[in-house]
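**Q** Can you keep this structure in mind? I'll have questions shortly.
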Amino acid sequence: MPDPKMKFLVVDDFSTMRRIVRNLLKELGFVNVDEAEDGAIALQKLQAGDFDFVVSDWNMPNMDGLTLLQTIRATPNLKHLPVLMITAEAKKENIIAAAQAGASGYIVKPFTSATLSEKLQKIFEKMDKGA
Amino acid sequence: MARQLHDTLRELGYDKMISQTVEALPDAKDRLAYIANLTEQAACKVLNATDVANPLIDSLEVDAQGLASRWDRVYANQMGVDDFKQLAAETRAFLKDQLPQKTGGTKAQLMEIMMAQDFQDLTGQVIKRVVTLAQELESQLMGALIEVMPGERRTESVNSLLNGPVINAENSGDVVVDQQQVDDLLGSLGF
Chain A
1 MPDPKMKFLV VDDFSTMRRI VRNLLKELGF VNVDEAEDGA IALQKLQAGD FDFVVSDWNM
61 PNMDGLTLLQ TIRATPNLKH LPVLMITAEA KKENIIAAAQ AGASGYIVKP FTSATLSEKL
121 QKIFEKMDKG A
Chain B
132 MARQLHDTLR ELGYDKMISQ TVEALPDAKD RLAYIANLTE QAACKVLNAT DVANPLIDSL
192 EVDAQGLASR WDRVYANQMG VDDFKQLAAE TRAFLKDQLP QKTGGTKAQL MEIMMAQDFQ
252 DLTGQVIKRV VTLAQELESQ LMGALIEVMP GERRTESVNS LLNGPVINAE NSGDVVVDQQ
312 QVDDLLGSLG F
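From first to last, the protein sequence lines are chains A and B.
All letters in the first sequence, in the order written, are residues 1 to 131 by my numbering.
All letters in the second sequence, in the order written, are residues 132 to 322 by my numbering.
The following block contains the structure:
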């Protein structure tokens, strides 16, 4: 079972989407959630705080989600972090690019709470196996 | 070159069209900004309403569970007369006051959520006008482009990883339309 005190970072440039994801996480029992409005701010927060999980949009100003993911994977103290992409980008090459960059999961918007719950569960299972 | 383009456009009668377009675009921008504004407001109203309603429902659930477990003790003959009187009074207060107050509060938030949907009517009207404008622009620009652009360039599509939501999935074969297709694609690649 995942630790309910797990610290999430929700990265999206739209505040409504951040609120929705935060509420969905709360419903799933995760109340320790912080937000960032683009990849650059996300990286600062990740470096400063002890986060356990990143949920990121793709299309954002300053630094997009793919660059954030690539940067996380290339940073020794962050590269272990699970990164779940939640994005409206639905081209096959997007999905493949995210997978190759090391995304832990890919959810295409619009999405349901059931999808989020299922993908999180899958990632937790993989984390348990890896640990 | 600019001179040439200018003359060509004038010869073809496009100079008037372009000036109309330039006049129409700020209006379209304003309309789109209005839509973005209204939809954001609506989303905020709905999220605020759920933030207010959720704790009401949660507290009803907790209170009802608390009373129910004490009633279970009554039925198991585990409660004295004084406690029973206390339980009966609290249950009565719960049914008479707390319950209607909190369902009333929740209902008010549901109404708020319903009323927040009024943007649909307003944005719908504005969107229709912008769509009409876009159609006019498209047909005029297409006319101009077909005259000046070589045939093979016309079918080139823009290739990028930042495209935003898929508006019309039927027209392009390289996009997924739902989560199942995302999962299938990743599965087929061994991720």
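Where a beta carbon is used, it is the ideal one built from N, C-alpha and C, also for glycine.
1) Taking three-plus beta-carbon pairs below 8 Å as touching, is the region 243-263 of chain B in contact with the region 175-183 of chain B?
2) Looking at Gly-39 (chain A) and Val-11 (chain A), is the spacing between their C-beta atoms short of 8 Å?
3) Return the residue from the list A:Asn-23, A:Lys-45, A:Val-108 that minimises the CA-CA distance to Val-183 (chain B).
4) Going along chain A in order, which residues have a C-beta closer than 7 Å to the C-beta of Ala-174 (chain B)?
5) What residues from chain B crowd round Glu-133 (chain A), counting only those whose CB sits closer than 8 Å?
6) Would Val-307 (chain B) be called buried (16 or more neighbouring beta carbons within 10 Å of its own) or exposed?
7) Taking 8 Å as the CB-CB cut-off, is Ala-97 (chain A) touching chain B?
8) Given a threshold of 16 other Cβ atoms within 10 Å of its Cβ, counted over all protein chains shown, does Ile-277 (chain B) qualify as buried or as exposed?
9) Provide the residue span of the beta strand (DSSP E) that contains Asp-34 (chain A), from first to last.
10) Quick one: using the 10 Å Cβ neighbour count with 16 as the cut-off for buried, is Arg-204 (chain B) buried or exposed?
11) How would you list, in chain order, the residues of chain B whose beta-carbon sits under 7 Å from the beta-carbon of Arg-19 (chain A)?
12) For Gly-274 (chain B), verify whether its CB is less than 7 Å away from any heavy atom of the ligand MG.
13) State the CB to CB distance for the pair Ile-86 (chain A) and Val-55 (chain A), rounded to an integer number of angstroms; the pair is presumed to be in contact (CB under 8 Å).
14) Residue ranges of each alpha helix (DSSP H) run of no fewer than 4 residues wholly in the region 195-274 of chain B, ordered along the chain?
15) Quick check on Ser-104 (chain A): buried or exposed, where buried means 16 or more other Cβ atoms within 10 Å of its Cβ?
16) Classify Met-148 (chain B) as helix, strand or coil using the three-state DSSP reduction.
17) Can you tell me where the beta strand (DSSP E) with Thr-112 (chain A) in it begins and where it stops?
18) So Leu-191 (chain B) and Lys-233 (chain B) are in contact, right, with Cβ under 8 Å, and what is the actual spacing, rounded?
19) Starting from Pro-296 (chain B), find everything on chain A with Cβ-Cβ shorter than 8 Å and list it in chain order.
20) Which residues in the same chain as Ala-101 (chain A) place their Cβ atom closer than 8 Å to its Cβ, once the five residues preceding and following it in sequence are excluded?
21) Going by DSSP, what residues sit across from Leu-84 (chain A) in a beta bridge?
22) Does Arg-141 (chain B) pass the burial test, meaning 16 or more other C-beta atoms within 10 Å, or should it be called exposed?
23) Does DSSP put Leu-191 (chain B) in a helix, in a strand, or in coil?
24) Would you call the CB atoms of Leu-264 (chain B) and Glu-89 (chain A) closer than 8 Å?
25) Check whether the region 250-265 of chain B touches the region 212-221 of chain B, taking contact to mean three or more Cβ pairs, one atom from each stretch, closer than 8 Å.
**A** According to the structure data:
1) yes
2) yes
3) A:Asn-23
4) Thr-16
5) Outside the displayed range of chain A (1 to 131) lies residue 133 (chain A), so it cannot be described from this structure.
6) buried
7) yes
8) exposed
9) 33-36
10) exposed
11) Leu-178
12) This structure lacks the ligand MG, and indeed carries no ligand of any kind.
13) 6 Å
14) 212-224, 230-246
15) buried
16) helix
17) Counting along the chain, Thr-112 (chain A) falls outside any beta strand (DSSP E), and DSSP gives it neither H nor E.
18) 5 Å
19) Ala-88, Ala-90, Lys-109
20) Leu-66, Leu-69, Gln-70, Arg-73
21) A:Val-55, A:Gly-105
22) exposed
23) helix
24) no
25) no
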